[in-house]
Amino acid sequence: MREKTIKYYSHDEVAEKKKKIEKTIIAKQIKHQKITKRIQELQINLQSNKRVSKKKIIILSNKASKIEAEIKRERINTDLLNEGKLEKHNQIKRIRIWFSGIEYQKQRRIWGIIFITPWILGMLLFFLPSVLTTIYWSLNNVTLTNNGVATSFNGFKNFSELFGNYVIDGSNIFSVQLLLFVQNLAIDLPVIIIFSVIIAVLLNKKFKGHLIIKAIFFIPVIYNLTVITSTLTGSFGQFVDDALSGQSSFVEQTTNFFLQIGVGESIMKVVLNSVDRIFTIVNLSGIQILIFIAAIQSVPKHLYEAAAVEGATKYESFWKITIPMITPMIITASIYTVVDSFTRAPIFRFLDYAMSDGKYGLAATISVSYFIINLVIVGIIYLLFKGRVFYYDEE
Numbered sequence: 001m002r003e004k005t006i007k008y009y010s011h012d013e014v015a016e017k018k019k020k021i022e023k024t025i026i027a028k029q030i031k032h033q034k035i036t037k038r039i040q041e042l043q044i045n046l047q048s049n050k051r052v053s054k055k056k057i058i059i060l061s062n063k064a065s066k067i068e069a070e071i072k073r074e075r076i077n078t079d080l081l082n083e084g085k086l087e088k089h090n091q092i093k094r095i096r097i098w099f100s101g102i103e104y105q106k107q108r109r110i111w112g113i114i115f116i117t118p119w120i121l122g123m124l125l126f127f128l129p130s131v132l133t134t135i136y137w138s139l140n141n142v143t144l145t146n147n148g149v150a151t152s153f154n155g156f157k158n159f160s161e162l163f164g165n166y167v168i169d170g171s172n173i174f175s176v177q178l179l180l181f182v183q184n185l186a187i188d189l190p191v192i193i194i195f196s197v198i199i200a201v202l203l204n205k206k207f208k209g210h211l212i213i214k215a216i217f218f219i220p221v222i223y224n225l226t227v228i229t230s231t232l233t234g235s236f237g238q239f240v241d242d243a244l245s246g247q248s249s250f251v252e253q254t255t256n257f258f259l260q261i262g263v264g265e266s267i268m269k270v271v272l273n274s275v276d277r278i279f280t281i282v283n284l285s286g287i288q289i290l291i292f293i294a295a296i297q298s299v300p301k302h303l304y305e306a307a308a309v310e311g312a313t314k315y316e317s318f319w320k321i322t323i324p325m326i327t328p329m330i331i332t333a334s335i336y337t338v339v340d341s342f343t344r345a346p347i348f349r350f351l352d353y354a355m356s357d358g359k360y361g362l363a364a365t366i367s368v369s370y371f372i373i374n375l376v377i378v379g380i381i382y383l384l385f386k387g388r389v390f391y392y393d394e395e
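Quick note on the UniProt record's numbering: the sequence shown kicks off at 1 and runs consecutively.
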């Protein structure tokens, strides 16, 4: 095994290095004096019942303590330098030493910036130019010529046509189809999230075959959607329809019963729509179930143990510990559900039709509308959960 060679400062380099260390110590001492003076002023104001942030005093005290430790380390380096035992580090080693001296929260921010940088560069180089071009085309009449793409500005005429009377296949109106899709999404989203949480809680328990059950729920995600569609529209789909139609009388009787006992018709309509779309809901819940399983498994066990010692039931632990701890993942799963649902939206049929018809400006308008509506729904979800999300690390 190759031994690591340690380099020390030579006799000629000692004097220059000592000057640098002394300058560093003096600069840090001046900075420490300023911070100490500021802390004393804040403490005097606090004793005088003036409005002073205690958090600011704590932050400044931590900075002062850190500077004291740095001064002490520099003095140790001076002693080692005088004894000829101070190691000479390369640039990479210096960066590692500098990084290890940074606060943990700042280290996390730096790593976050490092990992998000490739995405930011990719967005600026590839995604953003396409988005700007699409927005520009949506405000123009776009035609293809021998010299390339020709555009003529027409304002919001494309939007007026799209949300006014744009029809495909003789009867499908864009605004009507979009409204129906948003209504179905408003029903599917809470049902998918609630269903996924329930299944995740059940699958989090260790029992025989739990891995197989997890795989069954995840199969629709990795399985070919085209195969599923053709299967359901074929003979198997007809068989399922015939089987379900035989239960229609039971559903009608159950519905009439709930209406007679005073359950609102609007509530029953939502429930029936959810039941009618149960296959779609299960099919779209695979990723969300895995997200919630991972979130539940990451909840510290000592919280449940402490709750059990205090006499909390499983039901109370679920609502007071599990749900608050997985709220960040509820937002993540909700946003994923919205974005994933839009990939199956009827908007794409209108987009394909406009492209095949040579209406590129209108196609760009459909894309911009899709982006804005998606963004609005995600924003609404964020606002609904804002202030209700619990981050364990921050408490």
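We put the beta carbon where it would ideally sit given N, CA and C, even for glycine.
Note that the structure is a prediction, hence the values are computed from the model and not measured.
Item to check | Residue from 132, 128, 155 whose Cα sits closest to the Cα of residue 141 | outcome: Sequence index remark: in the sequence shown, residue 141 carries index 141 (1-based). Selected option, being the one with the closest Cα: 155.
Next on the checklist: Restricting to runs no shorter than 4 residues, where is the alpha helix (DSSP H) found entirely within the region 296-365?
Outcome noted: 301-309, 314-317, 327-342, 347-356
Next on the checklist: Suppose contacts are defined by Cβ-Cβ distances below 8 Å. Is residue 356 in contact with residue 134 by that definition?
Outcome noted: Numbered from 1 along the sequence shown, position 356 holds the residue referred to as residue 356. Numbered from 1 along the sequence shown, position 134 holds the residue referred to as residue 134. Cβ atoms of residue 356 and residue 134: not closer than 8 Å.
Checklist entry - With residue 138 and residue 361 assumed to form a contact (beta carbons below 8 Å), what rounded beta-carbon distance in angstroms separates them? => result Taking the sequence shown and counting its residues from 1, one reaches residue 138 at position 138. Taking the sequence shown and counting its residues from 1, one reaches residue 361 at position 361. About 7 Å; that satisfies the 8 Å criterion.
Checklist entry - Closest to residue 181 by CA distance: which of 358, 388, 389, 343 is it? => result As a working mapping, residue 181 is identified with position 181 in the sequence shown. Checked all of 358, 388, 389, 343; the closest Cα to residue 181 is 343.
Checklist entry - Which parts of the region 82-152 are runs of the alpha helix (DSSP H), unbroken and 4 residues or longer, counting only runs that do not cross its ends? => result 91-100, 104-122, 128-138
Item to check | Cβ-based burial, residue 96 [other Cβ within 10 Å; buried from 16] | outcome: Here residue 96 is taken as the residue at index 96 of the sequence shown, counted from 1. So residue 96 counts as exposed.
Next on the checklist: Just to check my reading of the structure: residue 401 and residue 39 have Cβ atoms closer than 8 Å, yes? What is that Cβ distance to the nearest angstrom?
Outcome noted: Residue 401 lies beyond the range of the chain shown here (1 to 395); nothing can be said about it.
Checklist entry - From the beta carbon of residue 152, is the nearest beta carbon of chain B less than 8 Å away? => result Of the protein chains in the structure, only one exists, and it is not chain B.
Item to check | Backbone CA spacing between residue 68 and residue 62 [nearest angstrom] | outcome: In the sequence shown, the residue the question calls residue 68 occupies position 68. In the sequence shown, the residue the question calls residue 62 occupies position 62. Rounded to the nearest angstrom, the two C-alpha atoms are 10 Å apart.
Checklist entry - From this set, 92, 293, 20, which residue's C-alpha is nearest residue 202's C-alpha? => result Along the sequence shown, read from residue 1 onward, the residue named residue 202 stands at position 202. Among 92, 293, 20, the Cα nearest to that of residue 202 is on 293.
Next on the checklist: Am I right that residue 347 and residue 315 are in contact with their C-beta atoms under 8 Å? What's the rounded C-beta distance?
Outcome noted: For the purposes of this step, residue 347 is taken as the residue at position 347 of the sequence shown. For the purposes of this step, residue 315 is taken as the residue at position 315 of the sequence shown. Wrong, their Cβ atoms sit about 42 Å apart, outside the cutoff.
Item to check | Cβ-based neighbour list, residue 304, same chain, cut-off 7 Å, excluding 5 preceding and 5 following | outcome: As a working note, residue 304 is residue 304 in the sequence shown. So the qualifying residues of the chain are 317, 321.
Checklist entry - Which residues in the same chain as residue 364 place their Cβ atom closer than 6 Å to its Cβ, once the five residues preceding and following it in sequence are excluded? => result What you label residue 364 is simply residue 364 of the sequence shown in a count that begins at 1. Within the same chain, residue 364 has close Cβ partners 134, 137, 138.
Item to check | alpha helix (DSSP H) segment containing residue 164, residue limits | outcome: Taking the first residue of the sequence shown as 1, we reach residue 164 at position 164. Its alpha helix (DSSP H) spans residues 157-165.
Checklist entry - At which residues does the alpha helix (DSSP H) containing residue 201 begin and terminate? => result Along the sequence shown, read from residue 1 onward, the residue named residue 201 stands at position 201. Taken as a continuous stretch (DSSP letters only), the alpha helix (DSSP H) holding residue 201 covers 174-203.
Next on the checklist: With a threshold of 7 Å on Cβ separation, who are the neighbours of residue 213 within its own chain once the five nearest residues in sequence on each side are excluded?
Outcome noted: Counting from one through the sequence shown, the residue named residue 213 turns up at place 213. Cβ within range, chain order: 203.
Checklist entry - Using the beta-carbon count (16 or more within 10 Å), is residue 116 buried or exposed? => result Taking the first residue of the sequence shown as 1, we reach residue 116 at position 116. Answer is exposed; the Cβ neighbour count stays below 16.
Next on the checklist: Within a Cβ cutoff of 6 Å, which residues of the same chain sit near residue 162, ignoring the five residues on either side of it in sequence?
Outcome noted: For this step, residue 162 is matched to residue 162 along the sequence shown. Within the same chain, residue 162 has close Cβ partners 174, 365.
Checklist entry - Using the beta-carbon count (16 or more within 10 Å), is residue 152 buried or exposed? => result Looking up residue 152 in the sequence shown gives position 152. With fewer than 16 other Cβ atoms within 10 Å, it is exposed.
Next on the checklist: Considering only DSSP beta bridges, list what residue 168 is partnered with.
Outcome noted: Taking the sequence shown and counting its residues from 1, one reaches residue 168 at position 168. Answer is 172, bridged to residue 168.
Next on the checklist: I'd like the span of the alpha helix (DSSP H) that includes residue 279, first residue to last.
Outcome noted: Taking the sequence shown and counting its residues from 1, the one referred to as residue 279 is at position 279. Looking at the DSSP string, the run of the alpha helix (DSSP H) that includes residue 279 is 278-283.
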